[in-house]
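*Asks:* Residue numbers (my numbering): 2 to 84.
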């Protein structure tokens, strides 16, 4: 950690959620990417970005309208940064 920088654990949580959202292939039910924790899925669901169904290893998710809009907005933001 650099001097003067504060540890921001919420950033890790947001990054994990963004990776999950960006991994989604459309709005269909799908398996989460390998290594996605139940906590990350739950946090994304609590924020209204995804819906979850299934149990244990057969858990699936899909983007909500809010989640889909958020991903599209973030993709446009990232593209604008590249220009």
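For each residue, glycine too, the CB sits at the ideal point set by N, CA and C. Quick caveat, the model's predicted, so the values are computed rather than measured.
1) How many Å lie between residue 47 and residue 81 at the Cα?
2) Going by DSSP, which residues form a beta bridge with residue 74?
3) Can you pull the DSSP bridge partners for residue 53?
4) Quick one: using the 10 Å Cβ neighbour count with 16 as the cut-off for buried, is residue 68 buried or exposed?
5) Count Cβ pairs between the segment 13-20 and the segment 54-67 that sit closer than 8 Å; are there 3 or more?
*Replies:* Judging by the given coordinates:
1) Along the chain shown, read from residue 1 onward, the residue named residue 47 stands at position 46. Along the chain shown, read from residue 1 onward, the residue named residue 81 stands at position 80. If I take the Cα positions, the gap works out to 29 Å.
2) The residue you call residue 74 lines up with position 73 of the chain shown. DSSP output for residue 74 lists no bridge partner at all.
3) Walking along the chain shown from the start, residue 53 turns up at place 52. In DSSP, residue 53 forms a bridge with 62.
4) Residue 68 sits at position 67 when you count from the first residue of the chain shown. The Cβ neighbour count for residue 68, taken over all protein chains shown within 10 Å, is at least 16; the residue is labelled buried.
5) With a cut-off of 8 Å, the segment 54-67 and the segment 13-20 do not count as touching, because too few Cβ pairs lie within range.
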